[in-house]
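Residue numbers for the sequence shown, in numbering that gives the first Met the number 0: 0 to 167. Backbone N, C-alpha and C define an ideal beta-carbon position, used for all residues, glycine too. Note that the structure is predicted; figures quoted are calculated from it, not measured.
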Amino acid sequence: MEGEERRTNIIKLLTESEEPITGSNLAKTYSVSRQVIVQDIALLRAKGCKIISTSNGYMIYETKKEFTKLLAVKHSKHQIKEELEIMVDFGATIVNVMVVHPVYGEITANLMISSRKHIDDFMKKLQNNESVPLMRLKNGEHYHLIKASNPKILDLVEKELKLKGFLM
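Written out as structure tokens, the structure is:
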């Protein structure tokens, strides 16, 4: 399979998938190295394809009619799961997490978490890799960009986070 055909198929696969697809899985699917997939993704992005990298793999960032809200939150590391569950249980997707570092400025990581399964996968990665969540850089203070199909969902999420004492 030639590169252009493979890239067309990658776009089709990512567009049809409900879940992110890892570079390793794409490499196996097309019998190429993971590095070839990384290069393909870079070329597709250069052509204007809205492909994002998440901790669970690549996905197309669709621009459907959605509403977004940036929430400033603060809590302990032990409350991460509870915070994320509040958001997805109301039907929101957590697009990213961001901290404002005094030296480096904004540091943002794409998450695209929209289910409890995504949360479980994220929490396992945090624990298995003994990683430090971005919020630790600012003593628990961080921001989440969330999206939903309805602004009422965003309001319910914000109200519940405030009730739990998570909002700054």
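Local Cβ density within 10 Å of residue i, reported as buried at 16 or more and exposed below that
{"i": "D119", "result": "exposed"}
{"i": "V102", "result": "exposed"}
{"i": "R44", "result": "exposed"}
{"i": "V96", "result": "buried"}
{"i": "M167", "result": "exposed"}
{"i": "V131", "result": "exposed"}
{"i": "R6", "result": "buried"}
{"i": "M86", "result": "buried"}
{"i": "N128", "result": "exposed"}
{"i": "E82", "result": "buried"}
{"i": "E15", "result": "exposed"}
{"i": "L153", "result": "buried"}
{"i": "N138", "result": "exposed"}
{"i": "M58", "result": "buried"}
{"i": "H100", "result": "exposed"}
CA-to-CA distance, residue j to residue i, given in whole angstroms
{"i": "N109", "j": "E140", "result": "17 Å"}
{"i": "K80", "j": "P19", "result": "20 Å"}
{"i": "K46", "j": "L13", "result": "16 Å"}
{"i": "S23", "j": "E4", "result": "18 Å"}
{"i": "T21", "j": "V94", "result": "18 Å"}
{"i": "K49", "j": "S30", "result": "24 Å"}
{"i": "F121", "j": "Y60", "result": "19 Å"}
{"i": "L42", "j": "I10", "result": "12 Å"}
{"i": "K158", "j": "K151", "result": "10 Å"}
{"i": "N168", "j": "R33", "result": "Because the chain is modelled from 0 through 167, residue 168 falls outside the range shown and cannot be assessed."}
Test: residue i CB closer than 8 Å to a CB of chain C
{"i": "I51", "result": "The question asks about chain C, but that chain is absent: this structure has only one protein chain."}
Cβ pair residue i, residue j closer than 8 Å
{"i": "V72", "j": "L160", "result": "yes"}
{"i": "T53", "j": "K146", "result": "no"}
{"i": "I40", "j": "A26", "result": "no"}
{"i": "E84", "j": "S148", "result": "no"}
{"i": "L144", "j": "L69", "result": "yes"}
{"i": "I106", "j": "L133", "result": "yes"}
What runs of the alpha helix (DSSP H), each 4 residues or longer, lie entirely inside the stretch 12–79? 22–29, 33–45
Counting beta carbon pairs with one atom in the stretch 88–95 and one in the stretch 106–120, are three or more of them shorter than 8 Å? yes
In chain order, what are the residue ranges of uninterrupted beta strand (DSSP E) at least 3 long that sit wholly in the stretch 131–159? 140–147
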